[in-house]
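Trainee:
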Amino acid sequence: MPVFDTVLIDKDPRHPRIARLVLNRPEKLNAIGETTPSEIRRAVEWAEADDEVHVIVVEGAGRAFCAGYDLGDYAEGQGREGKGDHPCRQEKTPWDPMLDYAAMKRNTEDFMALWRCNKPTIAKVHGYAVAGGSDIALCCDLLTMADDARIGYMPTRVWGCPTTAMWTYRLGAMRAKQLMFTGDTIPGTQAAEWGLANFSVPAGQLDDATLKLAQRIAGVPRSHLMMHKLVVNQVWHSMGLEQSQMFATVFDGITRHNPEGMWFRRQAEAEGFKSAVAWRDSGRNIPEGDEARALVAELEAKLAAARAAVPVNRS
Numbered sequence: 000m001p002v003f004d005t006v007l008i009d010k011d012p013r014h015p016r017i018a019r020l021v022l023n024r025p026e027k028l029n030a031i032g033e034t035t036p037s038e039i040r041r042a043v044e045w046a047e048a049d050d051e052v053h054v055i056v057v058e059g060a061g062r063a064f065c066a067g068y069d070l071g072d073y074a075e076g077q078g079r080e081g082k083g084d085h086p087c088r089q090e091k092t093p094w095d096p097m098l099d100y101a102a103m104k105r106n107t108e109d110f111m112a113l114w115r116c117n118k119p120t121i122a123k124v125h126g127y128a129v130a131g132g133s134d135i136a137l138c139c140d141l142l143t144m145a146d147d148a149r150i151g152y153m154p155t156r157v158w159g160c161p162t163t164a165m166w167t168y169r170l171g172a173m174r175a176k177q178l179m180f181t182g183d184t185i186p187g188t189q190a191a192e193w194g195l196a197n198f199s200v201p202a203g204q205l206d207d208a209t210l211k212l213a214q215r216i217a218g219v220p221r222s223h224l225m226m227h228k229l230v231v232n233q234v235w236h237s238m239g240l241e242q243s244q245m246f247a248t249v250f251d252g253i254t255r256h257n258p259e260g261m262w263f264r265r266q267a268e269a270e271g272f273k274s275a276v277a278w279r280d281s282g283r284n285i286p287e288g289d290e291a292r293a294l295v296a297e298l299e300a301k302l303a304a305a306r307a308a309v310p311v312n313r314s
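Be aware that the sequence shown starts at 0, since it is given in numbering that gives the first Met the number 0, and climbs by one per residue.
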């Protein structure tokens, strides 16, 4: 059995035709760390290579499915005196969009292993599947949700663009635009009503309802499951999914390095990540253009003063 740092993979001991892929950082609501995308891909490859497995259920340990990227690592405390440049939070100017694109495209391709896998994948969502966590959920073939679970992409308000570009394909243009323009999340009940989720049930019934669906699928020959999945997936290919993901991934990098993105980063560094997120999600106007540039300068001065006030340890 493969061993990973942030995910678990195994066959269900009672139902060996069902593999369980568990996002396993419960102390951080299964936030996506640096190794998580590649570990998801490798876990899927393991399950795909096992002829006994017919279907893969993806779930989260603890209180949530996935709270998105571990942005505390990406946004807070990573400034000019922090850990240095990361392709997705570059400090050098002018920034290199292709470095960012290459890094984020790898993550997108790793998540898409769930979609490309020849075996059906089911995302079982409780708690939250937000930001990058919604990317993981929507790369699965099917989605089951607890009634009170929430799904959405709040960083569309600032500092993010969904790189998998799945929302339009799942919801259609009008509803996808509503969620992208507002950054709002919706509960499982609404996701099911809109057709984003296959169904939602009370949280206490989610395990049994998802297992029942997985068992029903697992009784179908692997060859048939593979053919049906390929037929449906090629429709999305012909509708330009790959091109949409390319644009979305480039734009995601721009959102993190344009004036608005730099304001969000400096706000997180100076006032804390929770402060930046609270502003983003509150409905307050997001600073933009010259206003954002002016605030970036103020916040950088504040950060420089704070660093200068720290005593130097000369021991």
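Backbone N, C-alpha and C define an ideal beta-carbon position, used for all residues, glycine too.
Small disclaimer: the values here were computed from a predicted structure and weren't measured.
1. So, with DSSP's three-state summary, where would you put P15?
2. Taking buried to mean at least 16 other C-beta atoms within 10 Å of its own C-beta, is H223 buried or exposed?
3. If the criterion is Cβ atoms closer than 9 Å, does the pair T120 and Q244 meet it?
4. Does the Cβ of N312 have 16 or more other Cβ atoms within 10 Å, making it buried, or fewer, making it exposed?
5. Return the bridge partner residues of D9 from the DSSP annotation.
6. Within the continuous beta strand (DSSP E) that includes M144, where are the two ends?
7. Tell me which residue opens and which closes the alpha helix (DSSP H) that P258 is part of.
8. Does the pairing of the segment 288–298 with the segment 195–205 give three or more beta-carbon distances under 8 Å?
9. Do Y168 and W262 have their CB atoms nearer than 9 Å?
10. Considering Cα atoms alone, identify which of W158, I185, V157, R156 is closest to E170.
11. With C-beta atoms as the reference, is R16 less than 9 Å away from D109?
12. Buried or exposed for M144, please, with buried defined as at least 16 other CB atoms from any protein chain shown within 10 angstroms of its CB.
13. Can you give the beta carbon distance from T254 to C138, rounded, assuming they're within the 8 Å contact cut?
14. Is E38 close to chain D? Criterion is C-beta to C-beta, closer than 9 Å.
15. What is the rounded straight-line gap between the Cα of R283 and the Cα of R264?
16. Are D69 and K104 touching if we call contact CB-CB under 9 Å?
17. Between V6 and M97, what straight-line distance do the alpha-carbon atoms span, to the nearest angstrom?
18. Identify every run of the beta strand (DSSP E) within the segment 101–141, keeping only runs that are complete inside it and at least 3 residues long; order them along the chain.
19. Could you give the distance in angstroms between the alpha-carbon of M238 and the alpha-carbon of A48?
Mentor: So, from the listed chains and residues:
1. Coil, per DSSP.
2. exposed
3. no
4. exposed
5. In DSSP, D9 forms a bridge with R19.
6. 141–145
7. 258–270
8. no
9. no
10. A quick correction: the sequence has Leu, not Glu, at residue 170. For the residues W158, I185, V157, R156, the minimum Cα distance to L170 belongs to I185.
11. no
12. Under this definition M144 is a buried residue.
13. Contact doesn't hold; Cβ gap of about 20 Å is too wide.
14. Looking for chain D here will not work: only one protein chain is present.
15. Their Cα atoms are separated by approximately 17 Å.
16. no
17. 29 Å
18. The qualifying runs are 120–124, 127–129.
19. 29 Å
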